[in-house]
Structure formats: structure tokens, C-alpha cells
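Reminder that position 2 of the sequence shown reads as 5 in the working numbering, one-by-one numbering, no gaps. The C-beta atom is built at its ideal place from N, Cα and C for all residues, glycine as well. Quick caveat, the model's predicted, so the values are computed rather than measured. Here the structure comes first, spelled out in C-alpha cells, and everything after it is commentary.
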Amino acid sequence: MKTRRFFLAASLFLAVAALIAVAPARAAQPITLGCPLSTAFLYGWAAERGFKLAVEEINAAGGVAVGGEKRPFKVEVIDTRDLEPGVPVSEALLAVEKLILDKKADFILGGPVRSEAALAAMPLLSKHKKVSILTTGVLTPKYHAMVAEQYDKFKYCFRIHGEAKNLVGEIMANFAQLKEKHGFNNLFIMAQDVSHARGAADTIKTVAADKGWNITGLEIYPTGATDFSMGLLKAKNAKTDIINIWMDMPESAILLKQWFDMKVPALPFGSTLAAAEQPGFWKATDGKGEFTLCNVVNAGNAPSNATAWTMKFYDAYAKRWGVEPEGLGSSSSYMAVYTLKEAIERAGSLDSDKVVAALEATDIMGVYGRLRFDPKSHQVIPANEAKEGAVGSILQWQAGKRVVVYPKSIAMGEIQLPPWMRK
């Protein structure tokens, strides 16, 4: 009887052991990246694609090492609609709150995309102690200024792409070269009626005037405007040499078609010009956008050899999405995921304060150069050389291609003038 019971117990033990042996291992809890993005617009969908490409690569390589465990990233995107005309800031805030409370996001990456909405979201991120990395759209210098002024309150907020003040510096460097080479001196400014664009336009006006430029006009257009002919006519009549454009709305493509048709003898130079950033701009303007310049903010959003990683990312993005990196938000969103991964692993934790400290100590080489954050303002540190910091990228449309013309360290060509401007 005892022998029988012994064999029965042994059989049960072996059966349980066998079940345990073949049972699948417990799946690691994913690290959720909440991404509030205006998905119907370039700066939204390009960011989403950048995030997903990086997450797919990282997860395929094993995930993120946290406390001795490898955990995958998971992307949760909610459409903030904050780039759409007439949509209130409150809608973007609701999207951020839903990501935090309903989707249980561990981190917030991406947006909100509109400057006004991103600024309004800062207290919400502080309230929930959610580390956030802005990667697209938001260019206002006020964002990192608020972190520096109220560090204890806003220390969870970072930005990994360039901002308006730095863009102004890059634009003025190009203006100086054009003045020296071609004798340009007259500047006309066109801006969209949004916070970063209005502020940057005013700054350009002041800085350029101080440097001896003759400001021939400043026109502000509401989001969604579709006719720019009167402003272009003013620029033409004022014998303008350069039209500086600050617009992230897709309708800006119409501006360039009108510029071409009117043969305005002024070089269109977009500081922010979303339509011209995209590979489809040539087709959208029937080639009338040739000679247009635009600032895509960071390298990798147009082809160059900024770092060993630049074209590797560029080709991977094109292969994954069937289109070349499309502009602001592409390379910066991709790098934000890798930067966060590296910070989490150094912190050994998802604890917000520990990750903040790790991000402040970040020093890695990425797609658009050396990535470090200012420890007081949490703005990525810019530079004209990739070995020194985050490198910008200004391109010009030439013969149907986006050619990087600035900075010199990564330039693939030089600025050309349309035939009706050549002396």
C-alpha cells in the first residue's frame, strides 16, 4: 500500500514538473511609451513612425534591461489634434491625461506638438511626475526657459530637438553668406499665427535689422490660409531678396506654387516650412518648389553623412515606411527612444527621479550628433559639428532632390538661385 502511494505521488510530481517545463515563460511587463501626437500632420505621423521603428529594433534586440530583467517597449499613440485649426488646447491636455491614467504610460514622448499645448501640459506632467521628452513640433524657447526657471516643478520635461532661438541663429548665418556672395540686403517675413512662429518672426525682424538688413515687410497668416498672393506681391514690389517663412501648415505648399507662378525675385527660405520638408513636396508643387530652402531642424531628416548612424537610420526608415524620413520629428523621435533606453538602463529603474538624473547625464552619439541635455533647462545641446552636439540641417530643393546645404560640416551641396534671380 505504501509503495503504491509512493509511486502515485512520484507520478504526480513528475507530471507537474513536466507541465512546468513546457509552460511558456512569463512575458515581461512592457514599458509603455505614451505618445500624444497630432497624427494627421507631418510632425505627428513622422514622429509616430520614428518611435515605432526604434521600438521594433530595440525589442528585436531583446528589449530594455531593468533590474536584471529584459522588458520590451510598447507604443501608445493618441491623436491630440493640436495642429488642426480651431482645436482648443484642452483637447491635447485630455489626450495626455488619458495616456497617463487610462493607458498607464510610463513615459511621455513626442508632444503635444503645438507650442501652446506643450506649455499647457507641463504642469500636468509635473503633477503625475511623468518624464517627458519632446521630439517634434514644439520650437518655442519658452519651454526650456520654464524648466530652468522652475526646475523643481518642471524637471521631468526634456526636449531632444532644436528650438526657435537656435534656428534663428542658423538662418542668420545663411543670410550673412548670401549677403556676402550676392549682395542681398532686403528681407520679407511671412509667418503663421502660432506662438513659436510669431515669436521667431519678431526675433528675426529685430536681429536682421540690427545686422543691417532692410525689413521690407512682415505678414502673419492664420492657420489654414490658402492665398498668399498679396504678401508675395508686396515682397516683389519692395524688391525683396529673401522671403523668410515660418509655417508648419501643409497649405504652405500653395505659397511656393504662387511664388513660382509670380516669378517673385526673392529666395524662399523657410525656417519652419513643413510642406517643403517632405519628400512629396516636389510632386505636390509640380516642381514649382525648386530652389525652396527649409530647416528640418536636425540631421537625419534629409540625406547626409552627419554621423555613422545617419544614413543607417535614413535607409531603415525608408525601408520600413516606404518613404524617406519626412522632416522634423523623424530622427529626433527615433533617437528619443534610444536615449530613454540608455537612461533607464543606467538608472536601473523606471523611477522618474532616477531617470531624470540619468537623462541629465546622457552623453551618446546618435543619428544627428552627440546628444547631451543642458542640466538646468533640459534642452538638447546644439552644435555645428556632430562631435560636439546635436547638428541642425537646412536643405534646398534642387532638381527634384532635397540637398543639405547647411551646416558646412554635413553639407551635400551649395545654395542655388532660381534663373529669374541670377545676374
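{"query": "Between Glu94 and Asp85, which are expected to be in contact by the criterion C-beta below 8 Å, what is the C-beta distance as a whole number of angstroms?", "result": "7 Å"}
{"query": "Helix, strand or coil for Val58, going by three-state DSSP, please let me know.", "result": "helix"}
{"query": "Could you name the residues of the same chain whose beta carbon sits closer than 8 Å to that of Val67, not counting the 5 residues immediately before and after it, in chain order?", "result": "Ile34, Ile61, Lys73, Arg74, Pro75, Phe76, Lys344, Ile347, Glu348"}
{"query": "Output needed for Gly234: all residues of its chain with C-beta closer than 7 Å, excluding positions within five of it in sequence on either side, in chain order.", "result": "Met193, Glu222"}
{"query": "Does the structure place the region 290-306 close enough to the region 353-368 that three or more beta carbon pairs sit under 8 Å?", "result": "no"}
{"query": "Ordered along the chain, which non-local residues of its own chain (more than five positions away) have a Cβ less than 7 Å from that of Thr288?", "result": "Ala256, Leu259, Lys260"}
{"query": "Do you know how far the Cα of Gln32 is from the Cα of Ala24?", "result": "With a pLDDT of 45 at Ala24, under the threshold of 50, the modelled position of that residue is not reliable, and the figure given next carries that caveat. Answer to the nearest angstrom: the Cα atoms are 21 Å apart."}
{"query": "Locate the beta strand (DSSP E) running through Asn3, then write down its first and last residues.", "result": "No statement about residue 3 is possible, as the shown extent of the chain runs from 4 to 426 and does not include it."}
{"query": "DSSP three-state call for Asp331: helix, strand or coil?", "result": "It should be noted that the sequence gives Leu, not Asp, for residue 331. It is coil, neither helix nor strand."}
{"query": "Can you tell me which of the three DSSP states Phe187 falls into?", "result": "coil"}
{"query": "Quick one: grab the DSSP three-state call for Gln32.", "result": "coil"}
{"query": "What does a CB cutoff of less than 7 Å around Leu127 pick up in its chain, not counting 5 residues either side in sequence?", "result": "Leu96, Val99, Glu100"}
{"query": "Does the region 153-160 come within contact of the region 171-184, defined as at least 3 CB pairs closer than 8 Å?", "result": "no"}
{"query": "Of the residues Ile163, Gln382, Ala309, Tyr341, which one's Cα is nearest the Cα of Ser396?", "result": "Ala309"}
{"query": "Using only alpha-carbon positions, find the residue among Cys38, Tyr46, Ser41, Thr42 that is nearest to Gln281.", "result": "Tyr46"}
{"query": "Just reading off the beta strand (DSSP E) that Asp82 is part of, what are its end residues?", "result": "76-82"}
{"query": "Tell me whether Gln44 sits in a helix, a strand or coil according to DSSP, three-state version.", "result": "Note on identity: in this sequence residue 44 is Phe, with Gln being the wrong assignment. Of the three classes helix, strand and coil, the one that applies to Phe44 here is coil, per DSSP."}
{"query": "At what residues does the alpha helix (DSSP H) containing Leu235 begin and finish?", "result": "232-240"}
{"query": "Would you identify the three-state DSSP class for Gly416, choosing helix, strand or coil?", "result": "coil"}
{"query": "Leaving out five residues on either side along the sequence, give the residues of the same chain with a beta carbon under 7 Å from the beta carbon of Val406.", "result": "Leu398, Gln399, Met415, Gly416"}
{"query": "Count Cβ pairs between the region 366-377 and the region 268-281 that sit closer than 8 Å; are there 3 or more?", "result": "no"}
{"query": "What is the residue span of the alpha helix (DSSP H) that Lys145 lies within?", "result": "145-152"}
{"query": "Keeping to the same chain, check which residues put their C-beta closer than 7 Å to that of Ala200; ignore five residues upstream and five downstream.", "result": "Ala194, Trp249, Met250, Thr275"}
{"query": "Output needed for Ala277: all residues of its chain with C-beta closer than 6 Å, excluding positions within five of it in sequence on either side, in chain order.", "result": "Leu45, Asp251"}
{"query": "Beta carbon of Val80, beta carbon of Leu40: below 8 Å?", "result": "yes"}
{"query": "What first and last residue would you give for the beta strand (DSSP E) that runs through Lys315?", "result": "From DSSP, Lys315 is part of no beta strand (DSSP E) but of the alpha helix (DSSP H) over 313-324."}
{"query": "Smallest Cα separation from Val78: which of Val90, Ala64, Ala57, Glu87?", "result": "Ala57"}
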